[in-house]
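Reviewing the structure listed below.
There are 2 protein chains.
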Amino acid sequence: MSKKSNLPQPTDAELEILQILWEAGPSTVRFINEKLNEQQEKEIGYTTTLKLMQIMTEKKLLSRNTESRTHVYLAEAVQGDTQKALLKKFVDAAFQGSATSLVMQALGNHQTSQEELDEIKALIEKIEKG
Amino acid sequence: MSKKSNLPQPTDAELEILQILWEAGPSTVRFINEKLNEQQEKEIGYTTTLKLMQIMTEKKLLSRNTESRTHVYLAEAVQGDTQKALLKKFVDAAFQGSATSLVMQALGNHQTSQEELDEIKALIEKIEKG
DNA sequence: TTGCATTTACGAAACTTTTCGTATATCATT
DNA sequence: AATGATATACGAAAAGTTTCGTAAATGCAA
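These protein sequence lines map, in sequence, to chains C and G. Just so we're aligned, residue -12 is where the first sequence starts under my numbering, counting upward by one. Just so we're aligned, residue -12 is where the second sequence starts under my numbering, counting upward by one.
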């Protein structure tokens, strides 16, 4: 049983920040801003990142510890739940709700390693056994 | 070998229009607008749909036959190519590029029928042989 | 042919998301 | 205490997307 907090869905820019927080754990604005600028060619200003993270905190996507001068931010949105919600929206919008079409497309396009295929096959078996 | 036309990616509202055109084939603004309003609770004005389709035509996502007074619009963006491009962007943004994670999530959440599972298994076998 | 309904054209308003300028506070160093 | 570097707060500009009001053109019916 997972509690459903029903957070708003993150925008694209917000999602990039969440990805970093999910991977790195609690972080400062400076750290996130540097990570973002490693990933992209276009330089993002520090205050831009700050503002986004403040907005995300208002939306409860993040929380922060303000004890020290340098605030430390924490992802409140759970990765799996967020992905699930985004995926549903995406399947509806781009594949008219057919998750299978999406899976076929995803498997077809990418080259997938044998290990990954095995993972997927295992999951399918598990589903078949019910 | 498929020609790459490299069209801009459609916005959400544009994608809804494309979905209808992909399914129904060449259509008028009135028809699209009615379909949209069947699908949604919120009423969308006729000129709103018209404007969007005009913009999409400028972007080459659509083309139109203007011979008769009532223009007939045609999807230029190919469904499979568009889905592929959108999927790549989505996998990167939400699953950090891991198509396998996305597939696992998609299979895990939705209940998938035995037929669909069989389809997927067949595709996996094909990939493994290929 | 006059008038009504329907269509397209055009521009701009309304919203949403992203970006940043500027002000102010805090900390460390001298 | 003064200086410089770094932090947060706030508001608003900039950019992107969606919506629609209004005007002008076209076709149809009386």
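Note that the Cβ used here is the ideal one computed from N, Cα and C, for glycine as well.
Quiz prompt | 3 or more residues per run - each beta strand (DSSP E) lying fully within the segment 34 to 96 of chain G | solution = Inside the segment 34 to 96 of chain G, DSSP marks whole beta strand (DSSP E) runs of 3 or more residues at positions 49 to 52 and 59 to 62, from first to last along the chain.
Quiz item: For chain C, is any of its Cβ atoms less than 8 Å away from the one on T57(G)?
Solution: The sequence position of residue 57(G) within the second sequence is 70, counting from 1. Chain C, which has no Cβ nearer than 8 Å to the Cβ of T57(G), makes this no.
Quiz item: Beta-carbon of G117(C) versus every beta-carbon of chain G: anything under 8 Å?
Solution: Counted from its first residue, the first sequence places residue 117(C) at position 130. At least 8 Å separates the CB of G117(C) from every CB of chain G.
Quiz item: Cα-Cα, which of I4(C), F77(C) and L89(C) is closest to L94(G)?
Solution: Along the second sequence, read from residue 1 onward, the residue named residue 94(G) stands at position 107. Answer by Cα proximity: L89(C).
Quiz item: According to DSSP, which residues form a beta bridge with S100(G)?
Solution: The sequence position of residue 100(G) within the second sequence is 113, counting from 1. Per DSSP, none; premise fails for S100(G).
Exercise. Can you have a look at S14(C) and say buried or exposed, based on whether 16 or more other CB atoms are within 10 angstroms of its CB?
Key: Within the first sequence, residue 14(C) is the residue found at index 27, counting from 1. Flag for S14(C) reads buried.
Exercise. Please determine if the segment 7 to 24 of chain C and the segment 51 to 70 of chain C are in contact, where contact requires at least 3 C-beta pairs separated by less than 8 Å.
Key: yes
Practice problem: Please determine, among E103(G), N(-7)(G) and M40(G), the residue with the shortest C-alpha to C-alpha distance to I114(C). | Solution: For the purposes of this step, residue 114(C) is taken as residue 127 along the first sequence, with counting starting at 1. If we check each option's Cα against that of I114(C), E103(G) comes out closest.
Quiz prompt | Close Cβ partners of K47(G) (< 7 Å) along its chain, the five nearest in sequence each way excluded | solution = Your numbering for residue 47(G) matches position 60 in the second sequence. Closer than 7 Å at Cβ, skipping near neighbours: L(-6) and E63.
Quiz item: Between K76(C), D79(C) and S50(C), which lies nearest to V65(C) when the distance is taken from Cα to Cα?
Solution: Residue numbering aside, residue 65(C) sits at position 78 when the first sequence is read from its first letter. Ranking K76(C), D79(C) and S50(C) by Cα distance to V65(C) puts S50(C) first.
Quiz item: Going along chain C, which residues have a C-beta under 9 Å from F18(G)?
Solution: In the second sequence, the residue the question calls residue 18(G) occupies position 31. Per Cβ cutoff of 9 Å: no residues; F18(G) is ~18 Å from chain C at best.
Exercise. Quick one: list the residues of chain G neighbouring M40(C), beta-carbon separation under 7 Å, in chain order.
Key: Along the first sequence, read from residue 1 onward, the residue named residue 40(C) stands at position 53. Neighbours of M40(C) on chain G: none; closest Cβ ~18 Å, over 7 Å.
Practice problem: Could you check which residue in G12(G), G32(G) and M91(G) has the C-alpha nearest to that of A109(C)? | Solution: By 1-based counting over the first sequence, the position of residue 109(C) is 122. Per the Cα distances, M91(G).
Self-check item: 8 Å Cβ cutoff, D68(G) in contact with chain C
Solution: The residue labelled residue 68(G) in the question sits at position 81 within the second sequence. Taking Cβ atoms only, chain C never reaches closer than 8 Å to D68(G), which makes this a no.
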